[in-house]
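A.B. asks: My numbering applies: residue 2 is where the sequence shown begins, and numbers increase by one.
Even for Gly, the Cβ is constructed at its ideal location relative to N, Cα and C.
The structure presented is a predicted model; accordingly, all values stated were derived computationally and were not measured.
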Amino acid sequence: MKILGLSNDQIIAAVRGGQVRIAIFGMGKMGFPLAVAFAQEGANVLGVDPNTALVEAINLGQNPHPLEGGLDDLVRPLVERGKLRASSAPKRADVYITLVPTVLDDNRQPALGILEEVMQTITSLLEPGDLVIEESTLPPGTCAKRLWPVLLGGALSEGQFGFVHAPERTMSGRALEDITGAYPKIVGGIDLLSTEAATALYSVINSKGVIPVSSITAAEAVKVFEGIYRDVNIALANELALLSGHYGLDVIEVIKAANTQPYSHIHIPGAGVGGHCIPVYPYFVSEKPEAELIRLARQRNEGMPIRLVSMALNELQRRGIAWKGAKVLLMGIAFRPGVKEDRYSPFFPARDALLAEGVEVHAWDPLYSEEEIATMGVIPAHSLAGMDVAIVITDHEEFKELDWLSAAVGMHNPVLVDGRFILSPTLREQNLTVLRLDGR
Ligand SMILES: NC(=O)c1ccc[n+]([C@@H]2O[C@H](COP(=O)([O-])OP(=O)(O)OC[C@H]3O[C@@H](n4cnc5c(N)ncnc54)[C@H](O)[C@@H]3O)[C@@H](O)[C@H]2O)c1
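(1) Helix, strand or coil: how does DSSP classify Ser370 here?
(2) Is the beta carbon of Asp251 closer than 8 Å to that of Asp439?
(3) With H, G and I counted as helix, E and B as strand and the rest as coil, what does DSSP make of Asp419?
(4) On the CB-based measure, 16 or more other CB atoms within 10 Å of its CB, does Lys209 come out buried or exposed?
(5) Mind reading off the beta-carbon distance from Val362 to Ile380? Whole number of angstroms is fine, and I expect it under 8 Å.
(6) Please name the residue or residues paired with Pro140 in a DSSP beta bridge.
(7) Are Val188 and Val165 close, meaning C-beta to C-beta below 8 Å?
(8) For a minimum of 3 consecutive residues, which ranges assigned as the beta strand (DSSP E) are wholly contained in the region 86-127?
(9) The beta strand (DSSP E) spanning Pro283 covers which residue range?
(10) Under 8 Å, do Val223 and Ile295 count as touching if we go by C-beta distance?
(11) Give the DSSP bridge partners of Ala364, in chain order.
(12) If you follow the beta strand (DSSP E) that Lys224 is in, where does it begin and where does it stop?
(13) Here's the rule: buried if 16 or more other CB atoms are within 10 angstroms of the residue's CB, otherwise exposed. What is Pro150?
(14) Does Phe26 get closer than 8 Å to chain B when you measure Cβ to Cβ?
(15) Pop quiz: Phe162 and Leu139 are said to be a contact at Cβ under 8 Å. What is the actual Cβ separation, rounded to whole angstroms?
(16) Rounded to whole angstroms, how far is the Cβ of Ile322 from the Cβ of Asn414, which I believe are closer than 8 Å?
(17) As a quick exercise: from Gly190, Arg344 and Ile115, pick the residue whose alpha carbon is nearest that of Gly142.
(18) Quick one: is Arg64 buried, meaning 16 or more other Cβ sit within 10 Å of its Cβ, or exposed?
(19) Locate the alpha helix (DSSP H) running through Pro263, then write down its first and last residues.
(20) How is Lys186 classed by DSSP in three states: helix, strand or coil?
(21) Between Ser346 and ligand 1, is there a pair consisting of the residue's CB and a ligand heavy atom that are separated by less than 7 Å?
(22) Where do the ends of the alpha helix (DSSP H) carrying Gly304 lie?
(23) Give the single residue among Arg421, Glu402 and Ile392 whose Cα lies nearest to the Cα of Met412.
(24) Give the secondary structure of Ala258 by DSSP, where H, G and I count as helix, E and B as strand, and everything else as coil.
(25) Examine the Cβ distances between the region 100-111 and the region 200-216 and report whether three or more of them are shorter than 8 Å.
(26) Can you check whether the CB of Leu202 is closer than 8 Å to the CB of Ile4?
(27) Can you tell me whether Asn302 is buried or exposed? The criterion is at least 16 other CB atoms within 10 Å of its CB, across all chains shown.
(28) Are there any heavy atoms of ligand 1 lying less than 7 Å away from the beta-carbon of Pro141, as far as the coordinates show?
(29) Do Asn446 and Gly19 have their C-beta atoms within less than 8 Å of each other?
(30) Look at the alpha carbon of Leu157 and the alpha carbon of Thr53, and state the distance between them as a whole number of angstroms.
(31) How long is the line joining the alpha carbons of Leu320 and Ala375, rounded to whole angstroms?
(32) Need the endpoints of the alpha helix (DSSP H) that Thr434 sits in, please.
(33) Is DSSP giving Ala58 helix, strand or coil here?
(34) Quick one, which of Ile256, Ile267 and Val76 has its alpha-carbon nearest Arg231's?
(35) Please name the residue, chosen from Val390, Lys146, Ala242 and Leu355, that lies closest to Gly378 on a Cα-to-Cα basis.
(36) Given this structure, state the Cα-to-Cα distance separating Arg352 from Pro306, to the nearest angstrom.
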């Protein structure tokens, strides 16, 4: 059933009554949980993805993203009831949702090719009353200036179908939980009818409700600004960590105490910022002349892994150990603890900086197999044995819980560079060298 122009109650009843077909383009870590959330509430969902392995897994009732929590037991019953299917071939629906990668190209410009292609496909399927919803994060203005003209290039004209941006505000690893009720959904349409239809639609799956904003561009900006806020905040935290070195302070102690005041929300400093989101969104606006602080924050965050490497190399030099051939262990490939995602992880610039100096680079990440680690141009490791330096890149639980004293026993040189503030300074009393970003 077409939902554009129906009342709130009619839309909710149509979804719950199994009368609405939703096609979701992109069955990745975000698109698949969204498909499950809508199918759970009664919609007939088709997941569209060129990745045939993903498509097959879904149609077999499997969760193709096992690290996304809460999905495993939901998929099979939905597939068996015919509520959820996947295909590489798009089909007609009533609502089309896009959740495809919008990363950066080699020039750090947003790569919108996949999304534009998908919009072309949707354009060829559109019927009067359809609603198109773009959920991938985009530079403000993209929907109105680049995608809307694509959609208007088909047989339908303005007013005959709806177009909305409804940014995905989730975090990988907890997508289903976020989509269904961690925080409200933001919705901004190309016109009021679109906004109203999408507001009703998302109210079916999101228990925290929907916040309609005044335009499609405002909805794009909400998500981009959220990401930029976090990047700039982390850059500030990193700078405060480095500043703390001048005063002999423990930056974490100071930040924690400062944040007890309700207007202080200083983030945690560390080895750098990774993932598809936070390091990417600043580049969506960074060419604008006013984005000075945003550009500077990015530079600060991108410099952090290199700073850790310098700390390690300087310590080797101080000890008279040649860099070439020295064994340095990078602890952590994933950009976030407990999540097997390494896009833009600080691991990579750290690895490259070490390799450039002729260092023998080893890596240990409990989420990655030896084979996977070997494809990254480093030597897989499971311990600190034989290393000259270990650099903590990711604060995985396994590393936090490590008995560092015993783990460091077999090191050639017991030098630990802590990029995540997980090591106890008391280790120094046991003849270990522990180096932190705040110099403590
Ligand atoms: N991962 C996150 O934490 C996160 C959080 C918020 C927002 N987002 C946004 O969501 C987008 C998607 O993120 P994700 O984590 O699901 O990415 P992902 O890489 O896990 O999934 C993207 C999927 O799109 C598919 N795809 C590629 N080309 C396609 C096409 N032509 N038609 C249909 N599907 C196609 C891919 O095969 C893949 O399965 C991101 O680019 C970002 O804008 C991501």
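C.D. replies: On the basis of the coordinates in this document:
(1) As a first step, residue 370 must be located in the sequence shown, where it is residue number 369. Here Ser370 sits in coil by DSSP.
(2) Residue mapping note: residue 439 aligns to position 438 of the sequence shown, counting from 1. Residue mapping note: residue 251 aligns to position 250 of the sequence shown, counting from 1. The answer is yes: Cβ separation under 8 Å.
(3) The residue labelled residue 419 in the question sits at position 418 within the sequence shown. If DSSP states are grouped into helix, strand and coil, Asp419 belongs with the strands.
(4) The residue given as residue 209 occupies position 208 in the sequence shown. So Lys209 counts as exposed.
(5) Taking the sequence shown and counting its residues from 1, one reaches residue 362 at position 361. Taking the sequence shown and counting its residues from 1, one reaches residue 380 at position 379. A Cβ-Cβ separation of about 7 Å places Val362 in contact with Ile380 under the 8 Å criterion.
(6) Residue 140 sits at position 139 when you count from the first residue of the sequence shown. Paired residue(s): none; Pro140 is not in a bridge.
(7) Stepping through the sequence shown from its first residue, residue 188 is reached at position 187. Stepping through the sequence shown from its first residue, residue 165 is reached at position 164. Annotated as proximal: Val188 and Val165, with beta-carbon spacing under 8 Å.
(8) The qualifying runs are 96-99.
(9) Start at 1 with the first residue of the sequence shown, and residue 283 comes out as number 282. Annotation for Pro283: no beta strand (DSSP E) segment contains it, though the alpha helix (DSSP H) segment containing it runs Pro283 to Val286.
(10) The sequence position of residue 223 within the sequence shown is 222, counting from 1. The sequence position of residue 295 within the sequence shown is 294, counting from 1. Taking 8 Å as the Cβ cut-off, Val223 and Ile295 do not qualify as a contacting pair.
(11) Position 363 of the sequence shown, counting from 1, holds the residue named residue 364. Answer is Leu331 and Pro381.
(12) Translated into positions along the sequence shown, residue 224 becomes position 223. Unbroken run through Lys224 is the alpha helix (DSSP H), Ile217 to Tyr248; no beta strand (DSSP E).
(13) Here residue 150 refers to the residue found at position 149 of the sequence shown. Label assigned to Pro150: exposed.
(14) This model lacks chain B altogether, as it is built from one protein chain only.
(15) By 1-based counting over the sequence shown, the position of residue 162 is 161. By 1-based counting over the sequence shown, the position of residue 139 is 138. Contact flag wrong, Cβ pair sits at about 19 Å.
(16) The residue labelled residue 322 in the question sits at position 321 within the sequence shown. The residue labelled residue 414 in the question sits at position 413 within the sequence shown. Between Asn414 and Ile322 the Cβ distance is about 7 Å, and since that is below 8 Å, they are a contact.
(17) Translated into the one-based positions of the sequence shown, residue 142 becomes position 141. It is Gly190 whose Cα lies nearest to the Cα of Gly142.
(18) Residue numbering aside, residue 64 sits at position 63 when the sequence shown is read from its first letter. Contrary to the premise, residue 64 reads as Asn rather than Arg in this sequence. Buried is the call here.
(19) Within the sequence shown, residue 263 is the residue found at index 262, counting from 1. Where Pro263 is concerned, there is no enclosing alpha helix (DSSP H), given that its DSSP letter is neither H nor E.
(20) Taking the first residue of the sequence shown as position 1, residue 186 is located at position 185. Lys186 carries a strand assignment under DSSP once its states are collapsed to helix, strand and coil.
(21) The residue labelled residue 346 in the question sits at position 345 within the sequence shown. Result no, Cβ not under 7 Å from ligand 1.
(22) Stepping through the sequence shown from its first residue, residue 304 is reached at position 303. Per DSSP, Gly304 belongs to the alpha helix (DSSP H) from Glu293 to Arg319.
(23) Position 411 of the sequence shown, counting from 1, holds the residue named residue 412. The residue from Arg421, Glu402 and Ile392 with its alpha-carbon nearest to that of Met412 is Ile392.
(24) Taking the sequence shown and counting its residues from 1, the one referred to as residue 258 is at position 257. In the structure shown, Ala258 falls within a helical segment according to DSSP collapsed to helix, strand and coil.
(25) No contact exists between the region 100-111 and the region 200-216.
(26) Within the sequence shown, the letter at position 3 stands for residue 4. Within the sequence shown, the letter at position 201 stands for residue 202. Here Ile4 is near Leu202, since their CB atoms are less than 8 Å apart.
(27) Here residue 302 refers to the residue found at position 301 when the sequence shown is read from its first residue. By the beta-carbon neighbour count (other beta carbons within 10 angstroms, threshold 16), Asn302 is buried.
(28) Indexing the sequence shown from 1 puts residue 141 at position 140. False, no ligand heavy atom lies under 7 Å from that Cβ.
(29) This structure cannot settle anything about residue 446, because the visible part of the chain is limited to 2 through 441.
(30) Residue numbering aside, residue 157 sits at position 156 when the sequence shown is read from its first letter. Residue numbering aside, residue 53 sits at position 52 when the sequence shown is read from its first letter. The alpha-carbon atoms of Leu157 and Thr53 are separated by roughly 31 Å.
(31) Translated into positions along the sequence shown, residue 320 becomes position 319. Translated into positions along the sequence shown, residue 375 becomes position 374. The sequence shown places Arg at residue 320, rather than the Leu named in the question. For Arg320 and Ala375, the distance between alpha carbons rounds to 29 Å.
(32) In the sequence shown, counting from the first residue as 1, residue 434 sits at position 433. No alpha helix (DSSP H) holds Thr434; the beta strand (DSSP E) holding it covers Thr434 to Arg437.
(33) For the purposes of this step, residue 58 is taken as residue 57 along the sequence shown, with counting starting at 1. In the three-state reduction of the DSSP assignment, Ala58 falls in the helix class, which pools H, G and I.
(34) By one-based count along the sequence shown, residue 231 stands at place 230. Comparing Cα-Cα distances from Arg231 to each of Ile256, Ile267 and Val76, the minimum goes to Ile267.
(35) Residue numbering aside, residue 378 sits at position 377 when the sequence shown is read from its first letter. Just measuring C-alpha positions, the residue of Val390, Lys146, Ala242 and Leu355 sitting nearest Gly378 is Leu355.
(36) Counted from its first residue, the sequence shown places residue 352 at position 351. Counted from its first residue, the sequence shown places residue 306 at position 305. C-alpha separation (whole angstroms): 9 Å.
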